[in-house]
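Residue numbering for the sequence shown follows the numbering used here, starting at 2 and increasing by one per position. We treat Cβ as the ideally placed atom computed from N, Cα and C, and that holds for glycine. Here is the structure we will look at, set down as structure tokens.
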Amino acid sequence: MGEFHGNQHTDSEYNEYEYEDLVEDVAALAEELGRSPTTEDASQADGLPSIATLYKIIKDDWVSTLRDAGVEPTKNQRRSLPIDRRERMLEDLRQTNRETEGDVLRLRQYDENGSFDGSSMKVRFGSWSEACTEAGIDCGTRHGERCVGPNGNQLDSRHELAVARYLDEAGIEYETHVGVGSTRWTCDFYLPNQCLWVEVDGYVAGERPNERMFTQKLGYYAFRGMDFVVVKTPEELRESLASTRTGDDTRQT
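This is the structure we're talking about:
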């Protein structure tokens, strides 16, 4: 989270305050208020800049900033979104589809070649598939093939399936795609008995298409003091759980 300086609202205090700081602070403010904050809420909150400075930092509009922070805008806030922005996003999908190779446009391809953030597309239209449908093009899946887990739950990749099978076989209670706080983010797995949030990252280092949003989500976990782990394989999760149990045993002795 960006460093709080008190509610002085002088421009000089925010010379090094960047958009990423604003996004983290907006997520924290939404959690504190229990609702989607307005620009007035932000400008009056301790630690956030004045309204004039806010609009200098915001990249597109307040609705986009809320969504980048994992916060669902209200209907009134969504109405404030420029009417042509939706069409510009759809046209950019079509243009990117024409300029890339292959029969379908995958999210990774769009993140590498499109003008908007792929995560913003998913939030704006509900999912990557719905965004492509609105644009009239065929889409690909995420980083893997969607599949059904051992309990009949929908999973987004074979990596998630492997972790689900391990948890099921080990008799570890888990939930899939659980909402993270008051944000729009979801976690791959939540282990209620361990109070542990599990993210399955099957990407090669540096190739995750939504790296910025993923990093922000991990930052949210850390800021809120939520125990979480990022794993690629069931073996990594097994080792992490074993390490956690060892730590608990040590504290109890």
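Alpha carbon of residue i to alpha carbon of residue j, nearest angstrom
{"i": "Glu92", "j": "Ser130", "result": "15 Å"}
{"i": "Cys188", "j": "Phe215", "result": "10 Å"}
{"i": "Asn154", "j": "Val179", "result": "12 Å"}
{"i": "Gln217", "j": "Tyr20", "result": "12 Å"}
{"i": "Cys133", "j": "Arg68", "result": "19 Å"}
{"i": "Arg143", "j": "Glu212", "result": "Reliability fails at Arg143, whose pLDDT of 42 lies under 50, so the model's placement of it is uncertain and the value that follows must be treated cautiously. In a straight line, the C-alpha of Arg143 is about 13 Å away from that of Glu212."}
{"i": "Leu30", "j": "Ala46", "result": "8 Å"}
Residue(s) in a DSSP beta bridge with residue i
{"i": "Val181", "result": "DSSP output for Val181 lists no bridge partner at all."}
{"i": "Trp198", "result": "Tyr191 and Phe229"}
{"i": "Val149", "result": "Gln155"}
{"i": "Glu113", "result": "DSSP, once it has assigned bridges, lists no residue as partnering Glu113."}
Limits of the alpha helix (DSSP H) - the one that residue i falls within
{"i": "Thr40", "result": "Thr40 to Gln45"}
{"i": "Tyr18", "result": "Element bounds for Tyr18: n/a, residue is neither H nor E."}
{"i": "Glu73", "result": "Unbroken run through Glu73: none, as it is neither H nor E."}
{"i": "Leu67", "result": "Trp63 to Asp69"}
{"i": "Ser121", "result": "Gly119 to Phe126"}
{"i": "Thr213", "result": "The displayed chain sequence assigns Arg, not Thr, to residue 213. Glu212 to Phe224 is the span of the alpha helix (DSSP H), which, as asked, contains Arg213."}
From the options, residue whose alpha carbon lies closest to that of residue i
{"i": "Tyr175", "options": "Tyr191, Trp186 and Val164", "result": "Tyr191"}
{"i": "Tyr221", "options": "Glu25, Asp61, Leu30 and Asp169", "result": "Glu25"}
{"i": "Ala223", "options": "Leu197, Arg109 and Asn114", "result": "Leu197"}
{"i": "Arg86", "options": "Asn98, Asp42, Asp61 and Val199", "result": "Asp61"}
{"i": "Ile173", "options": "Asp157, Gly182, Val181 and Pro151", "result": "Pro151"}
{"i": "Trp63", "options": "Met90, Leu23, Glu32 and Arg99", "result": "Leu23"}
DSSP-derived helix/strand/coil call for residue i
{"i": "Glu237", "result": "helix"}
{"i": "Glu176", "result": "strand"}
{"i": "Arg87", "result": "helix"}
{"i": "Trp186", "result": "coil"}
{"i": "Leu49", "result": "coil"}
{"i": "Ile58", "result": "helix"}
Near the ligand ADP: residue i beta-carbon under 7 Å from a heavy atom
{"i": "Val72", "result": "Among the components of this structure there are no ligands whatsoever, and the ligand ADP is therefore not found."}
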